[in-house]
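Reading the sequence shown from the start, the letters are residues 8 to 203 in my numbering.
Glycine residues also receive a C-beta, built at the ideal position from the N, C-alpha and C atoms.
Predicted, not measured: the structure shown is a model, and the values here were computed from it.
Below is one structure, written out as structure tokens, with a few remarks after it.
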Amino acid sequence: MEPVTLTTDRLVLRPVGPQDTDAVHTAAQDPDIRRWTTIPSPYLPEHAHSFTEQLAPEGWAGSSMFTFGVFLPDGTLTGMLGLTMRSLGTAEIGFWTAKEHRGRGYTTEATLTAARWAFTHLAVDRLEWRAEVGNTASRAVAEHAGFTLEGTLRSGINNKGVRRDCWLASLLPSDLGLPSAAPYLPAPPPPCDPTR
8 MEPVTLTTDR LVLRPVGPQD TDAVHTAAQD PDIRRWTTIP SPYLPEHAHS
58 FTEQLAPEGW AGSSMFTFGV FLPDGTLTGM LGLTMRSLGT AEIGFWTAKE
108 HRGRGYTTEA TLTAARWAFT HLAVDRLEWR AEVGNTASRA VAEHAGFTLE
158 GTLRSGINNK GVRRDCWLAS LLPSDLGLPS AAPYLPAPPP PCDPTR
């Protein structure tokens, strides 16, 4: 797929490239980003080069991972957001926010913008969010964006060689008032138990 740029009133979501390497490297020095994401730690300049010059462009070229830098109109990097295709009609969203830009709603705004694009242009019918249990900032973004928490997965993620429990939530096109690419038949509610 050809890379695309998405815009909101406050943000520009665009693919990253070599021009963004220094900003990515600087933002990734934040201990919270290194703690809660699966990026290498320590995060060295060569990691940023590999990400902006190989990993992110190859994801777009193979339609397997769609990575957006989240920028202010003046070009300031506020964070990163990625949509990774997991199975037919299902993608997983991940994001981080640069320390100095937290608490302004940028990542929630970017998440909703990317979700709408995924639902309308990628035939995604289920967008999943996962985060290690305890990552309350990421969970707050997901909840503000309308994701429904579905539970906790034991040993659900591997972060730097350690298996950890994670929260799982989902967003469906109908949650945003959009049609699904495929019909959706929810499970019926469980029958009432007359003994209770």
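In the three-state scheme derived from DSSP, where H, G and I count as helix and E and B as strand, T118 is classed as helix.
Secondary structure of F154 (DSSP, three-state): coil. For secondary structure counted as the beta strand (DSSP E) over 3 or more consecutive residues, the stretch 57-91 holds these complete runs in sequence order: 72-78. For the pair A130 and E157, the CB atoms are not nearer than the 7 Å cut-off. Under a 10 Å Cβ-count criterion, D132 is classified as buried, with 16 or more other Cβ atoms of the shown protein chains found around its own Cβ.
Only residues of its own chain outside the window of five on either side were considered, and among them L20 and L88 have a CB closer than 6 Å to the CB of F75, listed in chain order. Between T114 and F126, the C-beta spacing is not below 7 Å.
Counting other Cβ atoms within 10 Å of its Cβ, T14 stays below 16 and is therefore classed as exposed. In this structure, H56 sits near T28, with a CB-CB distance shorter than 7 Å.
Around the beta carbon of N165, fewer than 16 other beta carbons sit within 10 angstroms, so the residue counts as exposed.
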